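As structure tokens, the structure follows; a few thoughts come after it.
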Amino acid sequence: MTAFAFRPMLADDLPTIKRWLEAPHVREWWHDPAEQFELVSGDLGDPEMAQFMVAADGREFAYLQCYKLGAWDSGFGPQPQGTRGLDQFIGEASMVGRGHGSAFVRAFADRLLADGTPRVVTDPDPANRRAIRAYEKAGFRRDRLVKTPDGTALLMIRDP
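Be aware that the sequence shown starts at 0, since it is given in numbering that gives the first Met the number 0, and climbs by one per residue.
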């Protein structure tokens, strides 16, 4: 079984994040790397946005952000107070399609829920079947299509 570690992202990690955002498999769903890099780097230090570098057996391979839902206009509608939203990507192409995404998302969500978070949500593009399947494996259920500032998304929910 793979051991996952979640380390708070630092300014020193930004070159890695930039490289990952430029990778074709990340760009496909995160789109404009320069715009996304500006958003990710701009959130560094924001108390409402926790950002993590994810490692598998000591090798960093992914990015995860966990945000307080009420801090952004998500378009998700009413959610329980304290709900957290997740976004993530696997940056290292060699780690895609090997079950790591669903496993580390499950591990992170398990920890949030065990610590008292009432609900965890995520919003993949409805066309991103790989992400939807990974979130379902991580215990999320499909809720409904929502309109977000980034377009239509599939709201997925995980409750305790």
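Note that beta-carbon positions come from the ideal geometry of N, C-alpha and C, so glycine has one too.
As the structure is a prediction and not an experimental result, all values here were calculated from the model.
- When the alpha-carbon of Asp45 is set against those of Pro77, Pro14, Leu9, the nearest one is in Leu9.
- If you check the CB distance, Thr121 and Gly84 come in under 8 angstroms.
- For Asp42, the CB contacts under 6 angstroms within the same chain, skipping 5 residues up- and downstream, are Met48 in chain order.
- Distance between Gln80 and Val145, taken at the CA atoms: about 19 angstroms.
- Under the DSSP assignment, Gln35 falls in the alpha helix (DSSP H) whose first and last residues are 32-41.
- In this model, Ile131 and Phe36 are separated by some 24 angstroms (Cα to Cα).
- The beta carbon of Val104 sits closer than 6 angstroms to those of Ala137, all from its chain and outside the five residues before and after it, given in chain order.
- Between Ala92 and His24 a beta carbon distance of about 5 angstroms is seen, short of the 8 angstroms cut, so the two are scored as contacting.
- Excluding sequence positions up to five before and after Leu112, its CB lies within less than 6 angstroms of the CB of Pro159, all in the same chain and listed in chain order.
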